[in-house]
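Chains as they are written, first to last, in this note's numbering: chain A, 1 to 471; chain B, 1 to 471; chain C, 1 to 471.
We put the CB at the ideal spot given by N, CA and C, even for glycine.
A short worksheet on the structure shown next.
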Amino acid sequence: MSQPLVLHPDRLFPADAATRAVARQLYALVERLPIVSPHGHTDPRWFAENEAFPDPATLLVKPDHYIFRMLYSQGVKLEELGLTRRDRGPVETDPRKIWRRFAEHYHLFAGTPTRLWLDHVFATLFNIDQRLSASTADRAYDVIAEKLASPEFRPRALFERFNIDVIATTESPLDALASHAALRTSGWKGRIVTTYRPDPVVDPDFAGFADNLRQFGELTGCDTGTYAGYLEAHRIRRAFFRAHGATATDHGHPTALTADLAGREASALYDRVKHGQASAADAELFRAQMLTEMAAMSLADGMVMQIHSGAMRNHNPLIYNTFGRDMGADMPTRTDYVHALKPLLDRFGNEASLTIILFTLDETVYARELAPLAGHYPALRLGPPWWFHDSVEGMTRFRQQAIETAGFANTVGFNDDTRAYLSIPARHDVARRVDCATLAQMVTTHRMEEDEAARLVVALAGSMAKAAYRL
Amino acid sequence: MSQPLVLHPDRLFPADAATRAVARQLYALVERLPIVSPHGHTDPRWFAENEAFPDPATLLVKPDHYIFRMLYSQGVKLEELGLTRRDRGPVETDPRKIWRRFAEHYHLFAGTPTRLWLDHVFATLFNIDQRLSASTADRAYDVIAEKLASPEFRPRALFERFNIDVIATTESPLDALASHAALRTSGWKGRIVTTYRPDPVVDPDFAGFADNLRQFGELTGCDTGTYAGYLEAHRIRRAFFRAHGATATDHGHPTALTADLAGREASALYDRVKHGQASAADAELFRAQMLTEMAAMSLADGMVMQIHSGAMRNHNPLIYNTFGRDMGADMPTRTDYVHALKPLLDRFGNEASLTIILFTLDETVYARELAPLAGHYPALRLGPPWWFHDSVEGMTRFRQQAIETAGFANTVGFNDDTRAYLSIPARHDVARRVDCATLAQMVTTHRMEEDEAARLVVALAGSMAKAAYRL
Amino acid sequence: MSQPLVLHPDRLFPADAATRAVARQLYALVERLPIVSPHGHTDPRWFAENEAFPDPATLLVKPDHYIFRMLYSQGVKLEELGLTRRDRGPVETDPRKIWRRFAEHYHLFAGTPTRLWLDHVFATLFNIDQRLSASTADRAYDVIAEKLASPEFRPRALFERFNIDVIATTESPLDALASHAALRTSGWKGRIVTTYRPDPVVDPDFAGFADNLRQFGELTGCDTGTYAGYLEAHRIRRAFFRAHGATATDHGHPTALTADLAGREASALYDRVKHGQASAADAELFRAQMLTEMAAMSLADGMVMQIHSGAMRNHNPLIYNTFGRDMGADMPTRTDYVHALKPLLDRFGNEASLTIILFTLDETVYARELAPLAGHYPALRLGPPWWFHDSVEGMTRFRQQAIETAGFANTVGFNDDTRAYLSIPARHDVARRVDCATLAQMVTTHRMEEDEAARLVVALAGSMAKAAYRL
């Protein structure tokens, strides 16, 4: 038996009638504002080539780690969801079967952000009015598949329909940025910018690091056998990224450790790690040193720096060996910022022209470390709740724990941080609704006046991100 | 002057009228459901012998560490509460005096779970309508004492009155399980099962460890002088426990550390610890290794594994030396899970037929570690808030911090985890009310539909625990 | 364009009408109660000399680290706010210009406690009815400046207007307490007591430590070249402080580490640190040992001991080198209590006649460590949320996370802990309102009856602090 799918107009607003009324008024100010997406993982080829998306399972299920980690935790094999094995062993290839398996387990998402995002996608993009379940799976599949084949669902048409002002993708320094280049000359007006994410040539533990350095040298004409040449390669490549719209860099490190070694020490460290056989301590120190080097380059070239730290990647060796990276088996870890960032901050923390945006997977640092740091250092801003914490309760905790010390002005609005393109409006809508709820509660408890809440909710919905990311 | 004692029918439901109405509807579905108690510390002799309980102080005050730790913190000596000194030194022996001392301090429990549990006991079991205080102490004592002497208050009668479906006790591998055996042949229909808690023969720091190993060998006919014989003794004893109803094991370790040593290393480690003179590091490593060995045995025999980690036992040496273990002086500590569990998970985390239920005293890991782990590994589930966190606010935090990432399906419903038999209905009632409140808020903020909340609240009230514990 | 400044009579009360009604009733009981301020940093000279306060910028902006850290984080130079450089380099000296700069940035404080405190000051003391902004800056300046020059705004007149029962200041052992002595003989009835804060002679990392020890010896006639003489100097100086009203000591340590060394070891340690050239480990161990020595002295002389641990001081070397200590660049760090306090507690934790009040900058310890410790050890009490956590959300979290385990009786009411004298009524008002809100929610969710909430809200507003601090 199927249940109706209803997107309630007051969803995520506080139940209290007076507070809900304020939340509604605030939401009316932001509901239709353009989307600013300064950090994410959509594929620039989508926009450059503007081909139709594939079937519903391949588009919505197979690439979504929130979905397949939940099903896996409840005993569904990743092979049954059609995920590609490294050994090319047999996996499910029928997208309808994959979709049915997902639909049968859709009840598992009750109370999770995935449910909020997907119901929004189903209702607003596909006019589906039945909750997904085993009994509604086929009908939903057919409706979605038909629409995905239509011109209105091509990437560029959706970009316009979604009212996206600007979207940033994320690329390796080794990426030729061909799609971005094609977009620039295509005549299409959609604004897609890249982001410089140098982990493949910064993290000695990255697969193929030594080979990456060799390519890095070839691409830039620099001698990456020396530290000076290696740094120069970064400068050249950053300029190339800026020419393709980049205003920011991004750094995904296991910890937030930074270092500020003397030149000779840094060179010697590079000599030890460049062959990809660094000790764990050397690898960590090199990543630390590179955060400070990147900050120095950001001060020079104006790129905003994002630090996403605290993920222990590939926690599950069976999954890693069978399926590879990014398969839902990354785990957050306890992360220090106050000590870890000190070397970088000692050198650059007082630079008001530098912007470093900090992200965390360890919520215990919101009130204890991140808000006090960002509420003091001119160079620091706080990124929104990230990954597992990009949820209604997670975003609420961030506001409750960070704002009283950091203020709103030291935060940067919302990031969707996703490759799930169709869900981008849903994610921004959830974030805007949570902001409305939070600000409405501040208004009805008389911690803030309505005019201030109105100013802030609009800023949080986009202009703050544009300003912080210099877009 | 005394105050009335009132159990409000809406207690613990949100104040907002619309949300309260939903909470009431949900509560109507679960209020009278049978109690499933898959983990606790009641004494099986109570049920086997079915004798009357002793006086009010001996039943309700002296064994309750929540009560005597609070009174002790405010300057009441444990001797004044009649707790037995190891040296058999003088302590209060008049139960009425102990009861009065407790009653005089009852105001200390305002805002604590103990107050909620005891008021429920007083009102529902003893029809007491005055709040406990110095002025009402004697009357309450008399009423309770009289009822406790009546047939309706014998353990089995209460078991039926409480509508308990099944209750699990917890025993040492060295326990002969005589009461459980007697219950099996008694003809009484109450379902009492044991749980295999091997700490006395697994933890080298346990008092009498070397002697425990000797007994363990005698009881099983195994040579516990060798690691192989020691492991075989576990297998034999686990089978004996299963024959007495056990479906689960339980492991109370200071940390969640696990290890997966090669056979020779594990044997050599056992040789070092078996005499009870292990170094701290060896003791920790042995406990770690044994969690993995227990998981291996669980995979073979189907027993669910519970890990209760993070308590630093016997923090107060004066109390330990004078009164012994479990005297309210155990303290939670910061606990890591992501790194600590990796050796065990590397080997068994992907086994969908294995169930390991994780508990913590460190709430900071709910969102950061436990929910991401349980939301990925098929073998993992999250136990409910434990010990100090088994409270209204504590249970609310668990739901707010764990569900968005783990989903409800990776949790296991409620444990009362108590030896305070009379309070078991109160504890389940508090948990059910908190679940109703939490789900009602999800409904009125339109994160969930009413039919889903209804399904979940019933599952959380019992069926989820039965399924998870294979009862 | 300016906006009205309105102090809503229901501010900080829950939005739900039923709960708000209870909060109002509770607030009526405490709104006008005298202020008890057992820990703070007002200057005793103000009261001894009773001179007019300086201009608005010098009184309200320049000494307030909450204000200047926020402006600094947004790119305002500390020189522009008139803060004194160590090198006496040029800074802004026109108080009106400083005030305008502050007023232009007042919107940054939306959602912060600073905003709540200052609006209360502006509205209640100066009858300002326009929100501070660039356009209202001059008018506000003029109004405040005029009033500050009037007799009604002298320190003693304000003390009476604020209805302060007692206020504690905080002094170094090297302070002659001249103002306190003058106050005692002045005939004025205001009760101002000192507090013994021995960090300058206890912390080997304190600037001028060796010289401080020399002065400490001179002041007391003790030979501070020996450990015995050094300890005796403390005893003498503590007695001197008690004679000036002190009932408490205060200890601002980077961590909560305690030690209980044998006499010979402690002496040897003192020999290593007394010249101010201790290793980091020796400095930490000496601070740890001194907490235990101070507890021993408190047991003897009855002084209440406060431990404020967890701040990493002077995180920003540029700010420290340019402007010195206490310039908004101190950062909280993760802090352990369960292990750190054990040596001290092993010796004195069971002493019911000793009171040690614990404070933290690491909220993760409220539920995990502090509440379980204070809910057991007779010597321990929990101080209110401190520094960055002395905010609406911060105080709410403390109640939600500590009370269920520690009970109200193991807490000590409110501390304003401030040098911002004019804001003291605002700070107590915020704390009282948060207590009313918290207790009202316990009443409307039927976790507590109204008579109990009424008793507790009055105790929390003052009598609990007076009792705990033995004032």
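Nearest-angstrom Cβ-Cβ length linking residue i and residue j, presumed shorter than 8 Å
| i | j | result |
| --- | --- | --- |
| C/G82 | C/I67 | Incorrect: roughly 12 Å between the Cβ atoms, too far for contact. |
| B/T360 | B/V304 | Between B/V304 and B/T360 the Cβ distance is about 17 Å, and since that is not below 8 Å, they are no contact. |
| C/V392 | C/V434 | 6 Å |
| B/P506 | B/G394 | Residue coverage of chain B in this structure runs from 1 to 471, which leaves residue 506 of chain B outside it and unanswerable. |
| B/A379 | B/L354 | 4 Å |
| C/S37 | C/I424 | 6 Å |
Interface flag, residue i vs chain C, CB-CB below 8 Å
| i | result |
| --- | --- |
| A/A367 | yes |
| B/T124 | no |
| A/M442 | yes |
Rounded separation between residue i and residue j - CA only
| i | j | result |
| --- | --- | --- |
| B/F240 | B/M297 | 14 Å |
| B/H32 | B/A23 | Per the sequence presented here, residue 32 of chain B reads as Arg, with His not at that position. Taking the straight line from one Cα to the other gives about 15 Å. |
| C/M327 | C/H275 | 27 Å |
| B/L358 | B/G383 | 5 Å |
| C/V365 | A/T364 | 10 Å |
| A/M331 | B/L373 | 7 Å |
| A/D416 | B/A103 | 56 Å |
| A/A207 | A/L177 | 21 Å |
| B/Y72 | A/Y196 | 60 Å |
| B/T405 | B/R432 | 22 Å |
| B/R156 | B/V6 | 28 Å |
| C/W117 | A/G407 | 15 Å |
| B/Q306 | B/T249 | 6 Å |
| A/H251 | A/R238 | 14 Å |
| A/T258 | C/P173 | 39 Å |
| B/G89 | B/F162 | 38 Å |
| A/A409 | C/L148 | 32 Å |
Chain B contact for residue i (CB, 8 Å cutoff)
| i | result |
| --- | --- |
| C/L219 | no |
| C/K466 | no |
| A/D10 | yes |
Contact with chain A by residue i, beta-carbon distance below 8 Å
| i | result |
| --- | --- |
| B/Y377 | yes |
| B/L456 | yes |
| C/F388 | yes |
| B/V338 | yes |
| C/L439 | no |
| B/M448 | yes |
Per DSSP, the bridge partner or partners of residue i
| i | result |
| --- | --- |
| A/A23 | Answer by DSSP bridge pairing: none, since A/A23 is not bridged. |
| B/V143 | DSSP, once it has assigned bridges, lists no residue as partnering B/V143. |
| B/I164 | B/I35 |
| A/Y196 | A/E171 and A/T249 |
| A/R381 | A/I357 |
| B/H499 | Beyond the ends of chain B as shown, which are 1 and 471, falls residue 499 of chain B; an answer cannot be given. |
| B/P332 | B/A311 |
| A/P4 | A/Q130 |
* the segment 308 to 319 of chain C: which residues have C-beta closer than 9 Å to a C-beta of chain A, in chain order? -> G310, M312, H315, N316, P317, L318 and I319
* For the segment 403 to 429 of chain B, enumerate the residues whose C-beta is nearer than 9 Å to any C-beta of chain A, in chain order. => I403, E404, T405, A406, G407, F408, A409 and N410
* Within 9 Å of chain B by C-beta, residues of the segment 231 to 259 of chain C in sequence order -> none
* Asked: Name the residues in the segment 347 to 372 of chain A whose C-beta lies less than 8 Å from a C-beta of chain C; which are they?
  -> G349, N350, A352, T364, A367, R368, E369, A371 and P372
* To do: Compile a chain-ordered list of the residues in the segment 58 to 77 of chain B whose CB is closer than 8 Å to at least one CB of chain C.
  => R69, M70, Y72, S73, Q74 and G75
* Which residues, in order along the segment 7 to 32 of chain A, keep a beta-carbon less than 8 Å from a beta-carbon of chain C? -> P14, D16, A18 and T19
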